[in-house]
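Okay, so here's the structure we're looking at.
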Amino acid sequence: FIATHNENPKPYRWVKSAGQILASVKRFCQKTMSRTSDSGD
Numbered sequence: 833f834i835a836t837h838n839e840n841p842k843p844y845r846w847v848k849s850a851g852q853i854l855a856s857v858k859r860f861c862q863k864t865m866s867r868t869s870d871s872g873d
């Protein structure tokens with residue numbers, strides 16, 4: 833896989849803005865913290 837990929841590399845393209853990524857991370861953290869505090873641990 834790596835040898836084939838390295839023969840024809842393609843640059844990584846961001847498809848979301850930094851704001852969209854951070855909003856997604858924020859939602860994940862809020863869900864995670866909510867579940868953690870609900871479990872009583």
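Under the working numbering, the first residue of the sequence shown carries the number 833, and numbering increases by one thereafter.
Virtual Cβ for every residue (Gly too), placed ideally from N, Cα, C.
Between Y845 and M865, what straight-line distance do the alpha-carbon atoms span, to the nearest angstrom? One point to set straight first is that residue 845 is Arg, not Tyr, in the sequence displayed. R845 and M865: Cα-Cα distance of roughly 31 Å.
I need the straight-line Cα distance from I853 to R867, nearest angstrom please. 21 Å
Please report the distance separating the alpha-carbon of P841 from that of Q862. 37 Å
Roughly how many angstroms lie between the CA atoms of F860 and E839, to the nearest whole one? Their Cα atoms are separated by approximately 37 Å.
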